[in-house]
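Asks: When we follow the numbering used here, the leftmost residue of the sequence shown carries the number 34, and every step to the right adds one. Cβ coordinates follow ideal geometry from the N, Cα and C atoms, glycine included. Just so you know, these numbers come straight off a predicted model, no measurement behind them.
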Amino acid sequence: MIGTLKRVDVTEATFQTAVIERSREKPVVVDFWAAWCAPCHMLAPVLEREVELREGAVELVKLDVDANPSISRAYGVQGIPAVKGFRDGRVVGEFVGAQPAAAVARFLDSLVPSRAELLARQGDEASLRQALELEPGRPDAAVPLARMLHARGLSEDALEILRGVQGSFAADGLAARIRLEASNASEVAPAFAALDAGDEDVALDVLISAIRPGRPERDDIRRVVVSILDELGTDSPLAMTSRSRLASALF
Numbered sequence: 034m035i036g037t038l039k040r041v042d043v044t045e046a047t048f049q050t051a052v053i054e055r056s057r058e059k060p061v062v063v064d065f066w067a068a069w070c071a072p073c074h075m076l077a078p079v080l081e082r083e084v085e086l087r088e089g090a091v092e093l094v095k096l097d098v099d100a101n102p103s104i105s106r107a108y109g110v111q112g113i114p115a116v117k118g119f120r121d122g123r124v125v126g127e128f129v130g131a132q133p134a135a136a137v138a139r140f141l142d143s144l145v146p147s148r149a150e151l152l153a154r155q156g157d158e159a160s161l162r163q164a165l166e167l168e169p170g171r172p173d174a175a176v177p178l179a180r181m182l183h184a185r186g187l188s189e190d191a192l193e194i195l196r197g198v199q200g201s202f203a204a205d206g207l208a209a210r211i212r213l214e215a216s217n218a219s220e221v222a223p224a225f226a227a228l229d230a231g232d233e234d235v236a237l238d239v240l241i242s243a244i245r246p247g248r249p250e251r252d253d254i255r256r257v258v259v260s261i262l263d264e265l266g267t268d269s270p271l272a273m274t275s276r277s278r279l280a281s282a283l284f
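#1: Please classify D229: does DSSP put it in a helix, a strand, or coil?
#2: With respect to the alpha helix (DSSP H) encompassing R278, which residues constitute its N-terminal and C-terminal limits?
#3: Give the DSSP bridge partners of G118, in chain order.
#4: If we count the other Cβ atoms within 10 Å of its Cβ and call it buried at 16 or more, is V52 buried or exposed?
#5: Tell me whether the beta-carbon of V91 lies closer than 9 Å to the beta-carbon of V62.
#6: For L213, name the three-state secondary structure that DSSP assigns.
#7: What does DSSP give as the partner residue(s) for E92 in the beta ladder?
#8: Could you check where the alpha helix (DSSP H) with E81 kicks off and where it finishes?
#9: Measuring alpha carbon to alpha carbon, tell me which residue in G130, F202, R196 is nearest I254.
#10: Could you give the distance in angstroms between the alpha-carbon of I299 and the alpha-carbon of V259?
#11: Take G170 and list the residues in its own chain whose beta-carbon comes closer than 7 Å to its own, dropping the five residues that flank it on each side.
#12: Tell me the DSSP secondary structure of D157 in three-state form.
#13: Please state the DSSP three-state secondary structure of D173.
#14: Check whether the segment 223 to 241 and the segment 161 to 179 touch, using three or more Cβ-Cβ pairs below 8 Å as the test.
#15: Do R162 and L151 come within 9 Å of each other at the CB atom, strictly closer than that value?
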């Protein structure tokens with residue numbers, strides 16, 4: 034029944050559990066507000082109604098900025114009402130100020146996983162293929178499916194799937210690897226064996242050492258290196274040193 038959504042207040046003591054950890058299971062919307070804020074009181078019923086209409090697909094919590102200044106500062110709240118949507122422990126969407134129902138609805142819908150995303154999360158081949166049928170080119174479905182096919186020796190099928198992906202270092206790197214394997218570039222074969230064994234250090238060393246001016250496969254080797262660095266993340270010491278080596282090899 035519409036109108037029965039309970040107000041859930043979070044504090045600095047409960048924020049980690051109620052928002053950060055909970056958002057790994059489903060989207061959590063945090064309404065930063067204060068009792069003296071008139072626009073906050075205007076937005077609250079709109080936000081609550083739209084959340085309730087989504088029947089549990091997203092959760093709503095409220096945080097009093099006056100009572101919880103540390104959290105408010107940590108998330109850069111300067112004006113209220115400030116609404117932030119959390120998924121997987123981080124902010125993925127936000128807006129400031131009272132908004133009409135249509136705008137709030139669009140915001141909430143952007144947080145709720147699509148059917149294709151839910152299928153991609155399942156990770157089995159059938160679900161990944163269904164996800165791509167619904168949303169062709171999804172990297173989180175195309176890359177793992179291409180990896181499965183590549184592991185089975187179906188490299189051309191893997192490449193065909195990867196051709197539809199845009200803006201993914203992982204997809205570019207896997208496609209480059211498949212092309213390098215097809216070209217019989219024996220110098221980089223040990224890198225792929227090391228990569229499959231989980232030894233990124235050796236893989237990067239071999240690949241970066243193989244980048245030489247004038248080499249036809251140079252750009253594909255670079256793509257594989259970049260994909261490994263992207264997967265390692267910006268804080269990885271190995272990624273930091275390897276980026277410097279890559280820059281030196283390229284320039």
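Replies: Result, derived from the coordinates:
#1: helix
#2: 270 to 283
#3: V62, G126
#4: buried
#5: yes
#6: helix
#7: V61
#8: 71 to 86
#9: F202
#10: With the chain covering 34 to 284 only, the question about residue 299 has no answer from this structure.
#11: G197, V198, Q199
#12: coil
#13: helix
#14: no
#15: no
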